[in-house]
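Reading the sequence shown from the start, the letters are residues 15 to 116 in the working numbering.
For glycine and all other residues, C-beta sits at the position ideal for the given N, C-alpha and C.
Working notes, structure below.
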Amino acid sequence: MVGHPLAQADGRILAHRLVMYEMCNGLAPQACWHCEAPLGDWSKVAVDHIDHDKTNFAPSNLAALCVPCNSSKQPSLAHRYKALTPAEQRSFLDSIGAVAAM
15 MVGHPLAQAD
25 GRILAHRLVM
35 YEMCNGLAPQ
45 ACWHCEAPLG
55 DWSKVAVDHI
65 DHDKTNFAPS
75 NLAALCVPCN
85 SSKQPSLAHR
95 YKALTPAEQR
105 SFLDSIGAVA
115 AM
């Protein structure tokens, strides 16, 4: 998909980034899910699999991170998400426009 905002130099787009892009209607997420640093545009967005399963592209399993948080992932996003109460998990999923898996 040459010319797409997420396209790599060879024209490929990583599936998890495309899911996040479509989930956000093409608008870059406003802030890093971990540290809340402003992201601004897609070049500053890293998309992480919350459960660390690289084959799970469910919107509820993806989080937008800044590059430093994606590099360090401390504490683990999976642990951070799992530590939330069910109400907090729903609030987080609502905030990123995700639909929880049933």
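Coarse secondary structure for residue i, derived from DSSP in three states
{"i": "A97", "result": "helix"}
{"i": "V113", "result": "Note on V113: pLDDT 49, under 50, position unreliable in the model; no value is reported."}
{"i": "V61", "result": "strand"}
{"i": "A45", "result": "strand"}
{"i": "G29", "result": "The sequence as given places Ala at residue 29; Gly does not occur at that position. Note: A29 maps to helix in three-state DSSP."}
{"i": "L135", "result": "Summary: the structure shown does not reach residue 135, with the chain confined to residues 15 through 116, and so no result is reported for it."}
{"i": "P52", "result": "strand"}
{"i": "Q103", "result": "helix"}
{"i": "N73", "result": "According to the sequence as given, residue 73 is Pro; it is not Asn. Note: P73 maps to helix in three-state DSSP."}
{"i": "N84", "result": "helix"}
{"i": "D24", "result": "coil"}
{"i": "D67", "result": "coil"}
Whole-number beta carbon distance between residue j and residue i, since they are thought to touch under 8 Å
{"i": "A59", "j": "A42", "result": "A small fix is needed here, since residue 59 is Val in this sequence, not Ala. Right, their Cβ atoms sit about 6 Å apart."}
{"i": "L107", "j": "S74", "result": "5 Å"}
Quiz item: Quick one: any contact between the stretch 20–31 and the stretch 39–52, if contact means 3 or more CB pairs under 8 Å?
Solution: no
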